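Student:
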Amino acid sequence: MAKREEYERLIRTEGASVRENTQGFNQGRYESVAKLDDYEGLKAEARAIKEDAIERLPELIEGLRESVESNGGTLYLADDAADANEYIREVVADREADRVVKSKSMTTEEIEVNEVLEADGVDVVETDLGEWVIQLADESPSHIVGPAIHKSREEIADLLNERFDPDPPLSTAEELTGFAREHLGELIESAEVGMTGANFVAADSGTMALVTSEGNARKTVAATDTHIAVAGVEKVVPSVEDLSAFVELIGRSGTGQDITSYVSLLTPPVDSPVVDFADDERPLSEHDADRDFHLVLIDNGRMAMRDDEQLRETLYCIRCGACSNSCANFQSVGGHAFGGETYSGGIGTGWEAGVEGLDSAAEFNDFCTGCTRCAPACPVKIDIPWINTVVRDRINRGADPEAFDSLVDGLTPDAEGDDAPDHEGETDGRPPLDKRFFGNFETVAKLGSATAPVSNWLADLGPSRWLMERTIGIDRRRDLPEFRRETFHEWAASRSSNRGDADADAVADAEDRNRTNGRRVVVYPDLYTNHVQVERGKAAVRVLEALGCDVVVPDVRSSGRAPFSQGMVRTATDHAEDVLADLDPYAASGYDVVVVEPSDLAMIDREYEKLVEDGDRDALEAVRERSYEVMEYVCGLLEQAGADPDPLVGADDRTSGSTGGRDTSDAPGVVYHSHCQQRTLGLERHTVDVLERLGYDVTTTDVECCGMAGSFGYKADYYDVSMDVGAQLREQLDAAGNADRVPVASGTSCLEQIDALLSRTPTHPVELLDPESSV
Amino acid sequence: MPPMSTDADAAVAKLEKVRVETYRTAPDEFADTVESVVDGPAVGVELADLDVSLSDTPVAVDPTPAALKAATTGVTAASLCVADYGTLVLPDDDRGSELVSLFVDHHVAILRESDVVPDMETAFERFDADLHGSAAAGESRTSRILATGPSATADMGELVIGAHGPETVTALVLEE
Numbered sequence: 001m002a003k004r005e006e007y008e009r010l011i012r013t014e015g016a017s018v019r020e021n022t023q024g025f026n027q028g029r030y031e032s033v034a035k036l037d038d039y040e041g042l043k044a045e046a047r048a049i050k051e052d053a054i055e056r057l058p059e060l061i062e063g064l065r066e067s068v069e070s071n072g073g074t075l076y077l078a079d080d081a082a083d084a085n086e087y088i089r090e091v092v093a094d095r096e097a098d099r100v101v102k103s104k105s106m107t108t109e110e111i112e113v114n115e116v117l118e119a120d121g122v123d124v125v126e127t128d129l130g131e132w133v134i135q136l137a138d139e140s141p142s143h144i145v146g147p148a149i150h151k152s153r154e155e156i157a158d159l160l161n162e163r164f165d166p167d168p169p170l171s172t173a174e175e176l177t178g179f180a181r182e183h184l185g186e187l188i189e190s191a192e193v194g195m196t197g198a199n200f201v202a203a204d205s206g207t208m209a210l211v212t213s214e215g216n217a218r219k220t221v222a223a224t225d226t227h228i229a230v231a232g233v234e235k236v237v238p239s240v241e242d243l244s245a246f247v248e249l250i251g252r253s254g255t256g257q258d259i260t261s262y263v264s265l266l267t268p269p270v271d272s273p274v275v276d277f278a279d280d281e282r283p284l285s286e287h288d289a290d291r292d293f294h295l296v297l298i299d300n301g302r303m304a305m306r307d308d309e310q311l312r313e314t315l316y317c318i319r320c321g322a323c324s325n326s327c328a329n330f331q332s333v334g335g336h337a338f339g340g341e342t343y344s345g346g347i348g349t350g351w352e353a354g355v356e357g358l359d360s361a362a363e364f365n366d367f368c369t370g371c372t373r374c375a376p377a378c379p380v381k382i383d384i385p386w387i388n389t390v391v392r393d394r395i396n397r398g399a400d401p402e403a404f405d406s407l408v409d410g411l412t413p414d415a416e417g418d419d420a421p422d423h424e425g426e427t428d429g430r431p432p433l434d435k436r437f438f439g440n441f442e443t444v445a446k447l448g449s450a451t452a453p454v455s456n457w458l459a460d461l462g463p464s465r466w467l468m469e470r471t472i473g474i475d476r477r478r479d480l481p482e483f484r485r486e487t488f489h490e491w492a493a494s495r496s497s498n499r500g501d502a503d504a505d506a507v508a509d510a511e512d513r514n515r516t517n518g519r520r521v522v523v524y525p526d527l528y529t530n531h532v533q534v535e536r537g538k539a540a541v542r543v544l545e546a547l548g549c550d551v552v553v554p555d556v557r558s559s560g561r562a563p564f565s566q567g568m569v570r571t572a573t574d575h576a577e578d579v580l581a582d583l584d585p586y587a588a589s590g591y592d593v594v595v596v597e598p599s600d601l602a603m604i605d606r607e608y609e610k611l612v613e614d615g616d617r618d619a620l621e622a623v624r625e626r627s628y629e630v631m632e633y634v635c636g637l638l639e640q641a642g643a644d645p646d647p648l649v650g651a652d653d654r655t656s657g658s659t660g661g662r663d664t665s666d667a668p669g670v671v672y673h674s675h676c677q678q679r680t681l682g683l684e685r686h687t688v689d690v691l692e693r694l695g696y697d698v699t700t701t702d703v704e705c706c707g708m709a710g711s712f713g714y715k716a717d718y719y720d721v722s723m724d725v726g727a728q729l730r731e732q733l734d735a736a737g738n739a740d741r742v743p744v745a746s747g748t749s750c751l752e753q754i755d756a757l758l759s760r761t762p763t764h765p766v767e768l769l770d771p772e773s774s775v
Numbered sequence: 776m777p778p779m780s781t782d783a784d785a786a787v788a789k790l791e792k793v794r795v796e797t798y799r800t801a802p803d804e805f806a807d808t809v810e811s812v813v814d815g816p817a818v819g820v821e822l823a824d825l826d827v828s829l830s831d832t833p834v835a836v837d838p839t840p841a842a843l844k845a846a847t848t849g850v851t852a853a854s855l856c857v858a859d860y861g862t863l864v865l866p867d868d869d870r871g872s873e874l875v876s877l878f879v880d881h882h883v884a885i886l887r888e889s890d891v892v893p894d895m896e897t898a899f900e901r902f903d904a905d906l907h908g909s910a911a912a913g914e915s916r917t918s919r920i921l922a923t924g925p926s927a928t929a930d931m932g933e934l935v936i937g938a939h940g941p942e943t944v945t946a947l948v949l950e951e
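Shown next, in the form of structure tokens:
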């Protein structure tokens, strides 16, 4: 299994440096955006500018051409990489340049212009220190903003010492930087051509923004007489004034700096005198600014992306790297695993699909688990997880866009014939077998429950595990979910209306008081709660009833999260339609919908919008408006509806000494790990509020994801990545001050992962509160 | 000393925070202040729009490229300061301001107190107005650098202050 070994190697060799850097950037982002008065407003403004710019792109490009030409420069619109490279070659040849110095540009990585110029005998020198390091090492960028973040200081020192043999050898970061500054400074000052990228280009003036910190981009432009700027067509915005929001967002989002050291707003050709640094005769003012400027705008698939309803959003990307930094998987493996030909991280999928093609995107698309932690981090509000889902769907379909993905024949022995793809195999227009297995988990679960416990025994047998790993790629080191014979729905349907044995008078009184609330609630039997984690469903029902709600658990189809995760968009849509058809009548008659599993709530809250047709919009709105995560709902009952918390199990009920007192000094503390999608929905604080209200002492984790992420951690290719991500969570859960606390988590995946990571058994928060609590 | 405006106070505090050593100076103290903040051989670009001059200072105005390369300190005007960020707006002009502010170890920026704006949005409104103003006047295009603190890099394994650009920056705020 080559992939597995490659990922394991990258975790071992590059993981530590990548993690330290990306987590530093990510933490910096949280701190820096918190200082803004209106972060959300600024993001909305940036988004609106990009939407407008891409909508009007052809017109803006023509306006830009006029601006550049009237400034005395040239705009070349290149169809593709070869076209761009040919133009750049000619410019460099016409200048008879021996050396081209470059500032950092991912777009020049995309077109691979260095190789083209080098083949012509031109000395091409990267002057951004990170780019220079990987140029010396002959490697590719591991991050779109920090190309060499996979290298430690020691590795960089070894590289430079070996290459340049300085005396004494370099060791500290200051020494390395000082050496690079001297070495590259000489090369810049004697170069003829300076090549830069452009973060933004304003159509009305031809002004371009370069966002940097080292000063190399400034030197690259100022010290040369020929300036070539290479940028994708999507970098064009209407005017200079539009740049303000981006200048405020890009550094904060990317490296966690309020602003980078330099933002150059150049309207080239720039006016700086062109000088020979050896000239000791003529003062600066007597040198002319005799400088050529070429703006090379590159299409290379972008105009087609603009016409592609789903990929279009990718063009709003300002290449800040926030989606990489906020991604738990990226933090473990970096862009050499989680990346394609050029671009890496969450949005890399969109870029690679549009620029290189689906094959390149397919190489790393599965690293996106749809955890959505990048979504709120993106300064232009791109739904990056959705782009990954769409691309996964297209990869699944392969050459046949009409292929049908929800067939369950892949689960039967019939599919193991000659033409059945294995989990790494090519598809015949259907998703690979492993994706169909996970995507149709509803069928698996139904069968599992119907035949439990036999299904569980069989599944756990050694030969079964071997077969499962070989055919559908389930890592044999993972514990399998244990299906329950009686589903949550069946339990609820068979249960009498007697709500447990509320024998204590105080509790009965409180329940009577709560009963006056008269709220009617559907507890949604999500797939895992219904078939596997049945106890948390029962706990949810009992807690809501104890707070005075009238609870029903109707037979509603699973949300479609499973197929959605596998990129089986049509199957997921089928689920969405069924779920809305089932829930809409309840919503219409005044029921609230309470969801235990955060990832299923997230389907209703954020994903269904992408799936359902116009005819189902009203139903979606009605259901979405009334849908709540279970602890969010409990929080609302306690805080807003004034429900009496007494029937619930608080910390004081768990003290070893006094009974019923309010002394919680020896009550067990709780360490709470919120679910990734739950955090994106802004629902972490409700659980913390409720637990604290009930007297629990609560600490929280801050890792972006547990690493299990649905099916991801089960897959043999990704088991090592999953456990490496999980190790971060374990470190926090086992840290001093947390090690004696009860681990509490909201998501099924999180609970399974924590169960695998710790010797302590984690529990869902609602089970802590359950009047019949067994935990 | 006359009371400074709120924007200027905020700017001074923020400049210090982004590692820019900042002094306020009255026009009659200007030459002495400049002398106290330059180190090593110093070159500069004359402060065209300001009421003060570098002529009474040790700064060699309008140097040759070789003198620039040999210099330690470069002195130039800043056209604007964004208080929220401690950002100095440096001109990129035909008098060599960009070269003098960039190809040195120590940059000294001279700033008028009244050229402090509160936030980035105001700065960009100003840029936009300048742009249309100069276009209407048939003047050439404008290039500028928003410089916040000294140059820096994290590419060599740790944060290092002083990469390709200046390692230290001083701002002198001219009282009016």
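So the protein lines, in turn, are chains A and B. Numbering-wise (my numbering), the first sequence opens with residue 1 and increments by one. Numbering-wise (my numbering), the second sequence opens with residue 776 and increments by one. C-beta: ideal position from N, C-alpha, C; glycine also. Keep in mind that this is a model prediction, so the values were computed, not measured.
#1: Under a Cβ-count criterion, where at least 16 other Cβ atoms within 10 Å of its own Cβ denotes burial, should Ala-245 of chain A be classed as buried or exposed?
#2: As an exercise, report each continuous alpha helix (DSSP H) stretch of at least 4 residues that is fully enclosed by the segment 618-654 of chain A, in chain order.
#3: Answer yes or no: does any C-beta atom of chain B fall closer than 7 Å to that of Glu-632 of chain A?
#4: Rounding to the nearest angstrom, what Cα-Cα distance links Ser-900 of chain B and Lys-381 of chain A in this structure?
#5: Can you name the start and end residues of the beta strand (DSSP E) that Arg-519 of chain A belongs to?
#6: For Arg-679 of chain A, collect the residues of the same chain with a Cβ closer than 6 Å to its Cβ; drop the 5 residues on either side in sequence, then sort them by chain order.
#7: Give the straight-line distance between the Cα atoms of Val-213 of chain A and Met-723 of chain A, rounded to the nearest whole angstrom.
#8: Does the segment 518-525 of chain A touch the segment 541-560 of chain A, meaning 3 or more C-beta pairs lie closer than 8 Å?
#9: Look at the alpha carbon of Gly-500 of chain A and the alpha carbon of Ser-773 of chain A, and state the distance between them as a whole number of angstroms.
#10: CB Asp-784 of chain B to CB Ala-289 of chain A, shorter than 7 Å?
#11: What does the alpha-carbon distance come out to for the pair Asn-161 of chain A and Ser-171 of chain A?
#12: Check whether the Cβ of Lys-104 of chain A lies closer than 7 Å to any Cβ atom in chain B.
#13: Report the residue from B:Asp-859, B:Phe-902, B:Glu-873, B:Leu-921 whose alpha carbon sits nearest the alpha carbon of Glu-791 of chain B.
#14: Distance check for Glu-110 of chain A and Ala-137 of chain A, CA to CA, integer angstroms please.
#15: Taking only the alpha-carbon atoms, compute the straight-line gap between Asp-880 of chain B and Ala-898 of chain B and give it to the nearest angstrom.
#16: What number of angstroms, rounded off, separates the C-alpha of Tyr-696 of chain A from the C-alpha of Val-670 of chain A?
#17: Shortest alpha-carbon distance to Val-145 of chain A belongs to which of A:Asp-165, A:Pro-169, A:Ser-105, A:Leu-176?
#18: Does chain B have any CB closer than 7 Å to the CB of His-423 of chain A?
#19: Have a look at Thr-226 of chain A and Glu-896 of chain B and give me their C-alpha separation to the nearest angstrom.
#20: I'd like the list of long-range same chain contacts for Glu-234 of chain A, defined as Cβ closer than 6 Å, with 5 residues on each side in sequence excluded.
#21: Just mark Arg-306 of chain A as buried or exposed, buried being the case when its beta carbon has 16 or more other beta carbons within 10 Å.
#22: Is Gly-849 of chain B close to chain A? Criterion is C-beta to C-beta, closer than 7 Å.
#23: Whose Cβ in chain B lies nearer than 7 Å to the Cβ of Asp-258 of chain A?
#24: Please list the partners that Ala-198 of chain A has in chain B, where partner means a Cβ-to-Cβ separation under 8 Å.
#25: Compute every distance between the C-beta of Leu-843 of chain B and the non-hydrogen atoms of the ligand FAD, then say whether any falls below 6 Å.
#26: Under the DSSP definition of a beta bridge, which residues are partnered with Phe-200 of chain A?
#27: In the segment 145-159 of chain A, which residues sit with their C-beta less than 9 Å from some C-beta in chain B, listed in chain order?
#28: Three or more C-beta pairs under 8 Å: does that hold for the segment 583-590 of chain A against the segment 632-639 of chain A?
#29: Determine the chain A residues that contact Val-935 of chain B at a beta-carbon separation under 7 Å, and present them in chain order.
#30: What is the rounded straight-line gap between the Cα of Gly-682 of chain A and the Cα of Cys-374 of chain A?
#31: Decide if Asp-383 of chain A is buried, meaning its Cβ has at least 16 other Cβ atoms within 10 Å, or exposed.
#32: For the beta strand (DSSP E) holding Ala-939 of chain B, just list the boundary residues, first then last.
#33: According to the Cβ coordinates, are Thr-220 of chain A and Gly-251 of chain A closer than 7 Å?
#34: Measuring alpha carbon to alpha carbon, tell me which of A:Pro-238, A:Val-237, A:Thr-224, A:Thr-207 ends up nearest Leu-266 of chain A.
#35: Just the chain A side, please: which residues come within less than 7 Å of Gly-932 of chain B by C-beta, in chain order?
#36: With a CB to CB cut of under 6 Å and the five nearest residues on each side skipped, what residues in its chain are close to Val-813 of chain B?
Tutor: Based on what the coordinates show:
#1: The sequence position of residue 245 of chain A within the first sequence is 245, counting from 1. Ala-245 of chain A is classed as buried because its beta carbon has at least 16 other beta carbons within 10 Å across all chains shown.
#2: If only complete runs of 4 or more residues are kept, the segment 618-654 of chain A shows the alpha helix (DSSP H) at 630-639, in order along the chain.
#3: Counting from 1 along the first sequence, the entry for residue 632 of chain A is found at position 632. No, no contact with chain B.
#4: Position 125 of the second sequence holds residue 900 of chain B. Position 381 of the first sequence holds residue 381 of chain A. Per the sequence presented here, residue 900 of chain B reads as Glu, with Ser not at that position. Straight-line Cα distance between these residues: approximately 25 Å.
#5: As a position in the first sequence, residue 519 of chain A is number 519, starting the count at 1. Its beta strand (DSSP E) spans residues 519-524.
#6: Counting from one through the first sequence, the residue named residue 679 of chain A turns up at place 679. Excluding the 5 residues flanking it on each side, Arg-679 of chain A has no same chain C-beta neighbour closer than 6 Å.
#7: For the purposes of this step, residue 213 of chain A is taken as residue 213 along the first sequence, with counting starting at 1. For the purposes of this step, residue 723 of chain A is taken as residue 723 along the first sequence, with counting starting at 1. Here residue 213 of chain A turns out to be Ser, not Val, going by the sequence shown. The straight-line gap from Cα to Cα measures roughly 35 Å.
#8: Verdict: yes, contact present.
#9: On the first sequence, position 500 is the one that residue 500 of chain A refers to. On the first sequence, position 773 is the one that residue 773 of chain A refers to. Low per-residue confidence applies at Gly-500 of chain A: pLDDT is 41, beneath 50, and the placement is therefore not dependable enough to give any value.
#10: As a first step, residue 784 of chain B must be located in the second sequence, where it is residue number 9. As a first step, residue 289 of chain A must be located in the first sequence, where it is residue number 289. Taking a C-beta distance under 7 Å as the contact criterion, Asp-784 of chain B and Ala-289 of chain A do not qualify as a contact pair.
#11: As a position in the first sequence, residue 161 of chain A is number 161, starting the count at 1. As a position in the first sequence, residue 171 of chain A is number 171, starting the count at 1. In this model, Asn-161 of chain A and Ser-171 of chain A are separated by some 9 Å (Cα to Cα).
#12: Your numbering for residue 104 of chain A matches position 104 in the first sequence. With 7 Å as the cut-off, Lys-104 of chain A does not count as an interface residue toward chain B.
#13: Taking the first residue of the second sequence as position 1, residue 791 of chain B is located at position 16. Comparing C-alpha distances from Glu-791 of chain B to each of B:Asp-859, B:Phe-902, B:Glu-873, B:Leu-921 shows the shortest one belongs to B:Asp-859.
#14: In the first sequence, the residue the question calls residue 137 of chain A occupies position 137. In the first sequence, the residue the question calls residue 110 of chain A occupies position 110. If you take the alpha carbons of Ala-137 of chain A and Glu-110 of chain A, they lie about 18 Å apart.
#15: Stepping through the second sequence from its first residue, residue 880 of chain B is reached at position 105. Stepping through the second sequence from its first residue, residue 898 of chain B is reached at position 123. Cα to Cα, Asp-880 of chain B sits roughly 27 Å from Ala-898 of chain B.
#16: For this step, residue 696 of chain A is matched to residue 696 along the first sequence. For this step, residue 670 of chain A is matched to residue 670 along the first sequence. Rounded to whole angstroms, the separation of the alpha carbons of Val-670 of chain A and Tyr-696 of chain A is 7 Å.
#17: Taking the first sequence and counting its residues from 1, one reaches residue 145 of chain A at position 145. The residue among A:Asp-165, A:Pro-169, A:Ser-105, A:Leu-176 with its C-alpha nearest the C-alpha of Val-145 of chain A is A:Ser-105.
#18: Within the first sequence, numbered from 1, the residue matching residue 423 of chain A stands at position 423. With a pLDDT of 44 at His-423 of chain A, under the threshold of 50, the modelled position of this residue cannot be trusted; read the value that follows with caution. Output row for His-423 of chain A: interface = no.
#19: As a working note, residue 226 of chain A is residue 226 in the first sequence. As a working note, residue 896 of chain B is residue 121 in the second sequence. Spanning the two alpha carbons is a distance of roughly 32 Å.
#20: Taking the first sequence and counting its residues from 1, one reaches residue 234 of chain A at position 234. The residues are Arg-302, Leu-315.
#21: The sequence position of residue 306 of chain A within the first sequence is 306, counting from 1. Label assigned to Arg-306 of chain A: buried.
#22: Locating residue 849 of chain B in the second sequence gives position 74, counting from the first residue. No, Gly-849 of chain B lies away from the interface with chain A (no Cβ there is under 7 Å from its Cβ).
#23: As a working note, residue 258 of chain A is residue 258 in the first sequence. Residues of chain B with a Cβ closer than 7 Å to the Cβ of Asp-258 of chain A are, in chain order, Tyr-860.
#24: Counting from one through the first sequence, the residue named residue 198 of chain A turns up at place 198. Residues of chain B passing the Cβ test: none, with the nearest at roughly 13 Å.
#25: You won't find the ligand FAD in this model; it holds no ligand whatsoever.
#26: Counted from its first residue, the first sequence places residue 200 of chain A at position 200. Residue pairing by DSSP puts Phe-200 of chain A in a beta bridge opposite A:Ala-209.
#27: When C-beta distances to chain B are compared with 9 Å, the residues of the segment 145-159 of chain A below that value are Gly-146, Pro-147, Ala-148, Ile-149, Lys-151, Ser-152, Arg-153, Glu-154, Glu-155, Ile-156, Ala-157, in chain order.
#28: When C-beta atoms of the segment 583-590 of chain A are compared with those of the segment 632-639 of chain A, fewer than three pairs fall below 8 Å, so the two segments do not count as touching.
#29: Here residue 935 of chain B corresponds to residue number 160 of the second sequence, with the count starting at 1. In chain order: Ala-173, Glu-174, Thr-177.
#30: The sequence position of residue 682 of chain A within the first sequence is 682, counting from 1. The sequence position of residue 374 of chain A within the first sequence is 374, counting from 1. Looking at the two C-alpha atoms, the distance is approximately 14 Å.
#31: In the first sequence, counting from the first residue as 1, residue 383 of chain A sits at position 383. It is buried - the Cβ of Asp-383 of chain A has at least 16 other Cβ atoms within 10 Å.
#32: The count along the second sequence starts at 1 and reaches residue 939 of chain B at position 164. The residue you asked about is not Ala; residue 939 of chain B is His in the sequence shown. Neither: His-939 of chain B is in no beta strand (DSSP E) and is coded neither H nor E.
#33: As a position in the first sequence, residue 220 of chain A is number 220, starting the count at 1. As a position in the first sequence, residue 251 of chain A is number 251, starting the count at 1. In this structure, Gly-251 of chain A does not lie closer than 7 Å to Thr-220 of chain A by Cβ.
#34: As a working mapping, residue 266 of chain A is identified with position 266 in the first sequence. Checking every option, the nearest Cα to that of Leu-266 of chain A belongs to A:Thr-207.
#35: Locating residue 932 of chain B in the second sequence gives position 157, where the first residue counts as 1. Here the neighbours are Ser-152, Arg-153, Ile-156, Ala-173.
#36: Counted from its first residue, the second sequence places residue 813 of chain B at position 38. Hits under 6 Å: Thr-848.
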